[in-house]
Amino acid sequence: MPEEEEAQKGRRLPAWLDWVITIAVGVTLALLVRTFVAEVYIVPSGSMLETIQEGDRLVGEKVSYRGSTPKRGDVVTFDDPEKPGTTLIKRVIATGGQTVDLRDGHVYVDGRKLDEPYVLDKPTYPLEQQSSILSEAIAYPYKVPDGCIWVMGDNRTNSLDSRYFGPVSTSKVSSRALFIFWPIGDARGL
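This note's numbering puts the first residue of the sequence shown at 105, with every later residue one more than the last.
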């Protein structure tokens, strides 16, 4: 038996190397999950009030839209068209081929007024007069191009969204927001 123990001892890795390998595997797995499965986001603004508060932490999953596209009502994260590398979070209002119209502080999709209980307040300004980074103002009714989505923040008076930067390519969508996990007292699904 002492010979077997000596043979096993010779095959063991030094403790420091075992730790390095364990940490490397853990970091690799975490990066793979973050890249392909889910990511944690910290909400930087109040554009999604009351649904999502500034400073909330949420999990966005990245699997749903592989082979499919966002649906109206989904809360999604995407690359900011104005500041690449910055992630925005908004609600999908319309998808490619649908027509969006903004009248009297209300949103219409394909001629039907949306029931939006999640909207903070009716905007205090005409939606159609939102400033824009686009070279030409968006004319309403507006048909969302195929392969794109129309997104808006739930806090319509304080949200730079598709009214400001136009439709978002579905290829720019990074995840579907699943649930808020922090602060713990406000944890819930979206």
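Cβ atoms here follow ideal geometry from the backbone N, Cα and C, with glycine treated the same way.
Range of the contiguous alpha helix (DSSP H) that encloses residue i
{"i": "Y268", "result": "266-269"}
N- and C-terminal bounds of the beta strand (DSSP E) containing residue i
{"i": "S279", "result": "277-286"}
{"i": "E165", "result": "161-165"}
{"i": "T203", "result": "203-207"}
{"i": "L294", "result": "Per DSSP, L294 belongs to no beta strand (DSSP E) and is neither H nor E."}
{"i": "I193", "result": "191-199"}
{"i": "T181", "result": "179-183"}
{"i": "I156", "result": "First-last for I156: undefined, no H or E at that position."}
{"i": "Y244", "result": "Counting along the chain, Y244 falls outside any beta strand (DSSP E), and DSSP gives it neither H nor E."}
{"i": "Y222", "result": "It is not in any beta strand (DSSP E) - Y222 carries neither H nor E in the DSSP assignment."}
{"i": "E143", "result": "142-146"}
Same chain only: Cβ atoms within 8 Å of residue i, ignoring 5 sequence neighbours per side
{"i": "G177", "result": "R195, V196"}
{"i": "G150", "result": "Q157, E158, N259, N262"}
Beta-carbon proximity check, residue i vs residue j, cutoff 8 Å
{"i": "V255", "j": "Q202", "result": "no"}
{"i": "R280", "j": "E165", "result": "yes"}
{"i": "D183", "j": "S266", "result": "no"}
{"i": "V204", "j": "P245", "result": "yes"}
{"i": "D160", "j": "V180", "result": "no"}
{"i": "L224", "j": "E154", "result": "yes"}
{"i": "G257", "j": "M152", "result": "yes"}
Sequence-distant residues of the same chain with beta carbon closer than 7 Å to residue i, five excluded per side
{"i": "P227", "result": "G209, R260, T261"}
{"i": "P271", "result": "V248, P249, C252, I253, W254"}
{"i": "S273", "result": "G251, C252"}
{"i": "Y169", "result": "V277, R280"}
{"i": "T190", "result": "D184"}
Cutoff 6 Å; reference residue i; Cβ partners in own chain excluding five residues on either side
{"i": "L162", "result": "Y145, A281, I284"}
{"i": "D214", "result": "Q202, T203"}
Status (buried if at least 16 other CB within 10 Å, exposed otherwise) for residue i
{"i": "V126", "result": "Going by the sequence as given, residue 126 is Thr instead of Val. With fewer than 16 Cβ atoms within 10 Å of its Cβ, T126 is classed as exposed."}
{"i": "A198", "result": "buried"}
{"i": "P221", "result": "exposed"}
{"i": "P174", "result": "buried"}
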